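Have a look at the structure below, then the notes.
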Amino acid sequence: MLAGVSRRTLIKAAGAGAALAAAGTLPTRLFAQEKLKVAAIYTVPFEQQWVSRIHQAALKAQERGDIEYTATENVSNTDYERVMREYAEAGNQLIVGEVFGVEDAAREVAADYPDTAFLMGSSFKPDDAHPNFAVFDNYIQDASYLTGIIAGAMSTSKNFGMVGGFPIPEVNRLMHAFMAGVKETAPDAKFQVAFIGSWFDPPKAKETAFAQVEGGADVLYAERFGVSDAAKEKGVLAIGNVIDTQSDYPETVVASALWHFEPTLDKAIAEVKAGTFTAADYGVYSFMKEGGCSIAPLGTFEGKVPAEAMALVAEKEAAIKDGSFTVEINDDEPKSS
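If you use the working numbering, the sequence shown corresponds to residues 697 to 1033, in order.
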């Protein structure tokens, strides 16, 4: 993810053409018997939540023997296009990354390398002009909603602090889902919503969370690193996002919404190997029914969450998976209330 600059303000509307089926596909030469050469480009460190899940999925595919994997972290937006071209020139058949701040430039690179498949995190949809450029996003609203049910049941003050990076779709939809879940068990809930203007600034996130605790919050939604540290120091609870940090904060993190990038990446690998990779929207593979997200084990909080809340979580999870219940996807900026 882009560090230090709001992605939405940098994305050009020209990339917004929505088309799930592309005009063509990559050349039909099959790679089924080969290890696919895959490269990834990240604008933040490997350990950052969002990127860590992509990196982990790629490492697993490499361990299985499906791919040869190389990656570069901390690539600036101004250098992103150069690194993309270098990886394409090096013969990588699939290039993965997140182009929220360099949307137009990334699509131009894809146009220059039509035989290379690009799978990129993006707020926009694929388009006919770039048949080898597919997009993905972390649509883990299902798991976020379920953690909200738990949070609502664990709060005494019914006041919830929420610290995000930027108010862009990838963050907004998860916050809204969490808030909707909270209201299932705490209908009179109040929310303090803040954005720190960075994807990786734990000290700033921590200070923001401190202020929310001072404002009465006894459960914090930790969309960013640093929030759980604040919760631990202040003796309140936290809900994790994207990764499982329960073992790091055993008395603080009650539950976490996990993102599993494996379904997304494995689908792309299979399509490239089959010669059928197209400009598609891979966002659906983050949905719970596709195995793209889940709730982390409660760890030390097992048995401490009210039974009624856990029964509701089980009921809603089953309904999400069988399609009888759909968590709303709301990309609008959430507000304090």
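Heads up, the beta-carbon is just placed ideally off N, CA and C, and yes, glycines get one too.
Quick caveat, the model's predicted, so the values are computed rather than measured.
Coarse secondary structure for residue i, derived from DSSP in three states
i: Tyr809; result: coil
i: Leu870; result: helix
i: Phe742; result: coil
i: Leu815; result: strand
i: Ala736; result: strand
i: Thr1022; result: coil
i: Phe997; result: helix
i: Phe906; result: helix
i: Tyr945; result: coil
i: Ser952; result: strand
i: Ser982; result: helix
i: Glu1013; result: helix
i: Ile836; result: coil
i: Ser1033; result: coil
i: Thr1039; result: Since the first and last residues shown for the chain are 697 and 1033, residue 1039 lies out of range.
i: Gly844; result: helix
i: Lys821; result: coil
i: Glu929; result: helix
i: Ala699; result: Low per-residue confidence applies at Ala699: pLDDT is 36, beneath 50, and the placement is therefore not dependable, though the value from the model is reported in the following sentence. In this structure, Ala699 counts as coil in the three-state DSSP scheme.
i: Glu1004; result: helix
i: His751; result: helix
i: Gly877; result: helix
i: Gly912; result: coil
i: Glu967; result: helix
i: Thr721; result: Residue placement at Thr721 is flagged as unreliable, the pLDDT there being 49, under the threshold of 50; a coordinate-derived value is accordingly withheld.
i: Phe727; result: Low confidence applies here, because Phe727 scores a pLDDT of 48, under 50, leaving its location unreliable; read the following figure in that light. Of the three classes helix, strand and coil, the one that applies to Phe727 here is coil, per DSSP.
i: Ala714; result: Confidence at Ala714 is low in this model, with a pLDDT of 32, below 50, so the placement of that residue should be treated as unreliable; the coordinate-derived value is given next. Note: Ala714 maps to coil in three-state DSSP.
i: Asp1028; result: coil
8 Å Cβ cutoff met for residue i and residue j
i: Val795; j: Ala802; result: yes
i: Asp762; j: Asn868; result: no
i: Ile991; j: Ala784; result: no
i: Ala975; j: His826; result: yes
i: Asp833; j: Gly936; result: no
i: Phe921; j: Phe896; result: yes
i: Gly912; j: Phe874; result: no
i: Tyr776; j: Ile836; result: no
i: Asp914; j: Thr852; result: yes
i: Lys733; j: Asn788; result: yes
i: Glu799; j: Phe820; result: yes
i: Leu790; j: Leu815; result: yes
i: Pro959; j: Gly999; result: no
i: Phe742; j: Glu769; result: yes
i: Val792; j: Asp977; result: no
i: Ala813; j: Phe1021; result: no
i: Leu954; j: Met850; result: no
i: His751; j: Ala767; result: yes
i: Ala926; j: Leu916; result: yes
In DSSP terms, what residue i is bridged to
i: Ala918; result: Val859, Gly936
i: Asp977; result: Val831
i: Lys886; result: Asn855
i: Phe891; result: Gly860
i: Ile991; result: Ala953
Residue from the options whose Cα sits closest to the Cα of residue i
i: Val841; options: Asp925, Gly793, Ala951; result: Strictly speaking, residue 841 in this sequence is Tyr, with Val absent from that position. That would be Ala951, whose Cα lies nearest to the Cα of Tyr841.
i: Val859; options: Gln888, Gly971, Tyr765; result: Gln888
i: Asn828; options: Glu967, Glu777, Val878; result: Glu967
i: Pro810; options: Leu994, Gly971, Gly931, Asp775; result: Gly971
i: Met984; options: Ala1005, Glu998, Thr996, Phe957; result: Phe957
i: Ser924; options: Lys1031, Gly911, Lys902, Thr768; result: Lys902
i: Phe856; options: Cys989, Gln837, Ala876, Asp977; result: Ala876
i: Ala757; options: Leu961, Ala767, Phe862; result: Leu961
i: Ser1033; options: Thr766, Val831, Met871; result: Met871
i: Glu880; options: Leu1008, Glu769, His751; result: Leu1008
i: Glu884; options: Glu1013, Lys854, Val1023, Glu929; result: First, the amino acid is wrong: residue 884 is Asp here, not Glu. Taking only the C-alpha atoms, the option nearest Asp884 is Lys854.
i: Ile939; options: Ala735, Glu730, Ala753; result: Ala753
i: Gly861; options: Pro898, Ile846, Ala830; result: Pro898
i: Lys1045; options: Arg760, Val878, Glu1024, Ala1015; result: Lying outside 697 to 1033, the shown extent of the chain, residue 1045 is not represented and no answer is given.
i: Asp797; options: Ser982, Gly988, Ala964, Ile864; result: The residue asked about is misnamed: residue 797 is Gly in this sequence, not Asp. Gly797 has its Cα closest to that of Ile864, out of Ser982, Gly988, Ala964, Ile864.
i: Val909; options: Lys900, Ser894, Lys930; result: Lys930
i: Ala882; options: Ala767, Pro1002, Lys900; result: Pro1002
i: Gln942; options: Tyr981, Ala927, Leu994, Val792; result: Leu994
i: Glu1013; options: Leu916, Ile846, Lys886, Glu1029; result: Ile846
i: Ala807; options: Ser818, Met780, Ser982; result: Met780
i: Pro1030; options: Lys886, Thr766, Tyr765, Thr812; result: Lys886
i: Gln745; options: Ala1015, Pro946, Glu866, Tyr765; result: Glu866
Any non-hydrogen atom of the ligand NAP within 7 Å of residue i CB
i: Val771; result: The ligand NAP is not among the ligands present in this structure, which contains no ligands whatsoever.
Complete beta strand (DSSP E) runs within the segment 753-806 (minimum length 3 residues, chain order): Within the segment 753-806, the complete beta strand (DSSP E) segments at least 3 residues long are 763-768, 790-794, listed from N- to C-terminus.
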